[in-house]
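Student:
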Amino acid sequence: MQLKLFDDDRQLMLPQDLMEYYPSFLSREESDQLLQVLLNTVPWQQSKIMMYEKEVLTPRLSAWFGSEPIRNGDQRPVLPWPETLQVLKAKVEAHTGMLFDGVLLNYYRDNNDSVAWHADKDTVPGLKTEIASISIGEERNFDFRRKDNHRHRYTIRLQHGSLLLMKGDLQKYWEHRIAKAVQPMKARINLTFRKVGAVQERAYS
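End of the sequence shown sits at 205 in the UniProt record's numbering; the numbers just go up one at a time, nothing left out.
#1: Do L165 and Y107 count as a contact pair if the criterion is CB distance below 9 Å?
#2: Assuming contact is defined by CB atoms lying nearer than 9 Å, are R76 and A187 in contact in what I supplied?
#3: Output the boundary residues of the beta strand (DSSP E) element that contains A132.
#4: Taking 9 Å as the cut-off, decide whether the C-beta atoms of D120 and I131 are in contact.
#5: Let me know the secondary structure DSSP gives A94 once reduced to three states.
#6: Label R10 either buried or exposed according to how many other C-beta atoms from any shown protein chain fall within 10 Å of its C-beta, with 16 as the threshold for buried.
#7: Distance, Cα to Cα, Y173 vs R146?
#8: Between which two residues does the beta strand (DSSP E) harbouring D143 extend?
#9: What is the DSSP secondary structure of residue 206, reduced to helix, strand or coil?
#10: Which one of H150, G102 and W64 has the shortest CA to CA distance from W117?
#11: Nearest by alpha-carbon distance to L26: which of I178, S133, V78 and H152 is it?
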């Protein structure tokens with residue numbers, strides 16, 4: 001059952017305690033420039049995961065920037081923050097009033113790249129996981145559904161330069177995915193700013 005995401009005036013309706021969506025967080029020019037910089041400078045890697053007792057390659061490329069691993073046992077190298085991502089991090093923090101100390105980049109090369117249904121785990125014990133997600137490049141559908149009722153689901157078309165803030169109990173009760181697509185698609189990069197250390201929220205005036 002696909003739930004209604006727009007009201008009669010075509011205003012996007014989301015559970016405001018769970019997520020906020022800003023379709024034009026970055027300008028077209030900023031988004032185009034960021035896409036080219038990241039495509040050409042990030043040391044992308046294809047990670048391995050265990051699935052059905054077999055090690056398989058993830059259907060996308062990724063990179064992690066921060067000061068410590070995203071979680072215990074993660075094999076991705078911890079990359080130092082380049083200036084481009086430092087500037088973007090400051091912009092995200094100013095907009096959300098939250099602090100983040102790492103960013104996971106996922107590179108979806110074409111329509112065959114995807115991420116399966118999942119919920120992001122808490123990265124700081126005792127704190128809810130809040131993730132600020134920026135999308136650039138090809139627009140892709142972001143699906144999310146209730147863990148206890150898969151018929152209760154939504155889909156958002158993530159626009160070039162958009163920001164999706166996931167918060168509250170979203171990760172506890174909901175899961176999300178980027179599915180494979182039938183039609184050909186160009187490159188998309190998703191940047192998810194996360195809390196993995198002892199960062200503290202602060203209010204911005």
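Ideal Cβ placement from N, Cα and C applies to all residues, glycine included.
For clarity, every value in this text was computed on a predicted model and none was experimentally measured.
Tutor: Taking the geometry as given:
#1: no
#2: no
#3: I131 to G137
#4: yes
#5: Looking at A94 - three-state DSSP - the assignment turns out to be helix.
#6: Low confidence applies to R10: its pLDDT is 43, below 50, so where it sits in the model is not reliable, and the reading given next is rough at best. Exposed, since its Cβ has fewer than 16 Cβ neighbours within 10 Å.
#7: If you draw a straight line from the Cα of Y173 to the Cα of R146, it is about 6 Å long.
#8: For D143, the enclosing beta strand (DSSP E) has its first and last residue at R140 to R146.
#9: A query on residue 206 cannot be resolved here, the shown segment of the chain reaching from 1 to 205 and no further.
#10: H150
#11: The residue from I178, S133, V78 and H152 with its alpha-carbon nearest to that of L26 is S133.
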